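Structure record follows, encoded as C-alpha cells.
Residue numbers (my numbering): 2 to 211.
Shown next as C-alpha cells:
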C-alpha cells in the first residue's frame, strides 16, 4: 500500500475507472529495476492500491512529476497511441548550470545509446531524431530555470540536449555535476491529452519542488 504519511511517497492526482495520474517523487523508479536492483517502484505501489494498473510511459528514476497510467487495456492502447503520435502535451521545469544565452530556442540533435557506457545516451549522426524546445523562466546567480518541451520522447533526451547546449541540468549524476544540487533538478510539471473514453481534453499539473 502507499504510505500516505511519507512526504516522499507518490501522490495521487486523479483516479477514475480508466485512468490513474500520479506525482512521482525523485529517486523512485517508474518500473522495477533489472535484478538484482530494487523492485520498489511507482508501478508496484500503484498496483498494490489499484490492482491491474497498466504502464503507459515512464520518467527517469531521478525525474519527478506527472505520470499517467491506464486501468484498462483499451485505455492503455488509446493513451499509447497518443504518445506515439506526439499528441500528448508535455512540459518540464529544469534548473541548468550557468547562464543560458537568449530567451528561447530549439535543440534538434539525434540521439542513440552510448553502448559502452549505458544507460548513458549520446548525440550521434546515426541516432533517432530528437527535438527539444526550451524557454528561459528565470535567471539565478549561477543557474538558469528553463521550461523544456520535448517534441520527441527519447531516453534521457532533456538531459543530453541540455548538456549539448552547454548547460547540464543541476544534480545530474550521469551528465553533469551530482554535487551541484541535492537531486536532479528536472520535474515533469504538465501532462495534457485526450481522455481515452470520450476524447475530452484533460490536463494535469504539478508544481516543481525546487
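Yeah, the Cβ is synthetic: ideal placement off N, Cα and C, and Gly gets one too. Since we're looking at a predicted model, the values are computed, not measured.
In three-state terms, what does DSSP make of residue 81?
Here residue 81 corresponds to residue number 80 of the chain shown, with the count starting at 1. Correct three-state label for residue 81: helix.
Taking the continuous beta strand (DSSP E) assigned at residue 24, which residues delimit it?
As a first step, residue 24 must be located in the chain shown, where it is residue number 23. 20-25 is the extent of the beta strand (DSSP E) around residue 24.
Just the Cα atoms here: how many angstroms apart are residue 2 and residue 44?
Indexing the chain shown from 1 puts residue 2 at position 1. Indexing the chain shown from 1 puts residue 44 at position 43. Below a pLDDT of 50, predicted positions are generally treated as unreliable, and residue 2, at 41, falls in that range; no measurement from the model is reported.
Quick one: what's got a C-beta closer than 8 Å to residue 121's C-beta in the same chain, skipping five residues either side?
Here residue 121 refers to the residue found at position 120 when the chain shown is read from its first residue. For residue 121, where only same-chain residues beyond five positions count, the Cβ hits under 8 Å are 114, 115, 157, 175, 176.
Any chance you could list the alpha helix (DSSP H) runs of at least 4 consecutive residues sitting entirely within the segment 67-138, in chain order?
74-85
Taking residue 112 and residue 131 to be in contact with their CB atoms under 8 Å, please state how far apart those CB atoms are, rounded to whole angstroms.
Here the question's residue 112 lines up with position 111 in the chain shown. Here the question's residue 131 lines up with position 130 in the chain shown. At roughly 4 Å, the Cβ-Cβ gap stays under 8 Å, so residue 112 and residue 131 are in contact.
At which residue ranges does the segment 175-208 contain complete beta strand (DSSP E) runs of 3 or more residues, listed in the order of the chain?
187-195, 202-206
In three-state DSSP terms, what is residue 54?
Position 53 of the chain shown, counting from 1, holds the residue named residue 54. Note: residue 54 maps to coil in three-state DSSP.
Near residue 89, what residues of its chain come up, given a Cβ to Cβ distance below 6 Å and the 5 sequence neighbours on each side ignored?
Along the chain shown, one-based indexing puts residue 89 at 88. Correct list, in chain order: 83, 194.
Please identify the residue among 119, 71, 164, 183 whose C-alpha is closest to the C-alpha of residue 58.
As a working mapping, residue 58 is identified with position 57 in the chain shown. Selected option, being the one with the closest Cα: 71.
Residue 27: buried (16+ other C-beta within 10 angstroms of its C-beta) or exposed?
If you number the chain shown from 1, residue 27 lands on position 26. Classification for residue 27: buried.
Using the Cβ count rule (16 or more neighbours within 10 Å means buried), how would you classify residue 200?
Sequence index remark: in the chain shown, residue 200 carries index 199 (1-based). Flag for residue 200 reads exposed.
What are the residues that DSSP puts in a beta bridge with residue 146?
Along the chain shown, read from residue 1 onward, the residue named residue 146 stands at position 145. Under the DSSP definition of a beta bridge, residue 146 partners with 96, 139.
Over what stretch of residues does the alpha helix (DSSP H) that includes residue 162 continue unbroken?
Your numbering for residue 162 matches position 161 in the chain shown. Its alpha helix (DSSP H) spans residues 158-165.
Do residue 135 and residue 106 have their CB atoms nearer than 7 Å?
Start at 1 with the first residue of the chain shown, and residue 135 comes out as number 134. Start at 1 with the first residue of the chain shown, and residue 106 comes out as number 105. Yes, these two residues count as a Cβ contact at 7 Å.
How many angstroms separate the CA atom of residue 110 from the CA atom of residue 101?
Here residue 110 corresponds to residue number 109 of the chain shown, with the count starting at 1. Here residue 101 corresponds to residue number 100 of the chain shown, with the count starting at 1. The alpha-carbon atoms of residue 110 and residue 101 are separated by roughly 18 Å.
Using a Cβ-Cβ cut-off of 7 Å (strictly less than) and excluding sequence neighbours within five positions of residue 186, which residues of its own chain qualify?
For this step, residue 186 is matched to residue 185 along the chain shown. Excluding sequence neighbours, residue 186 sits near 95, 96, 170, 171, 172, 211.
My guess is that residue 206 and residue 190 are in contact by the Cβ rule of under 8 Å, so how many angstroms apart are they, rounded?
Residue 206 sits at position 205 when you count from the first residue of the chain shown. Residue 190 sits at position 189 when you count from the first residue of the chain shown. The Cβ separation is near 6 Å, so the contact holds.
Rounded to whole angstroms, what is the Cα-Cα separation between residue 30 and residue 77?
By one-based count along the chain shown, residue 30 stands at place 29. By one-based count along the chain shown, residue 77 stands at place 76. Distance between the alpha carbons of residue 30 and residue 77 is about 20 Å.
Tell whether a beta-carbon distance below 7 Å holds between residue 161 and residue 147.
Position 160 of the chain shown holds residue 161. Position 146 of the chain shown holds residue 147. Not in contact: residue 161 and residue 147 (Cβ atoms no closer than 7 Å).
Here's the rule: buried if 16 or more other CB atoms are within 10 angstroms of the residue's CB, otherwise exposed. What is residue 9?
Along the chain shown, read from residue 1 onward, the residue named residue 9 stands at position 8. Result: exposed.
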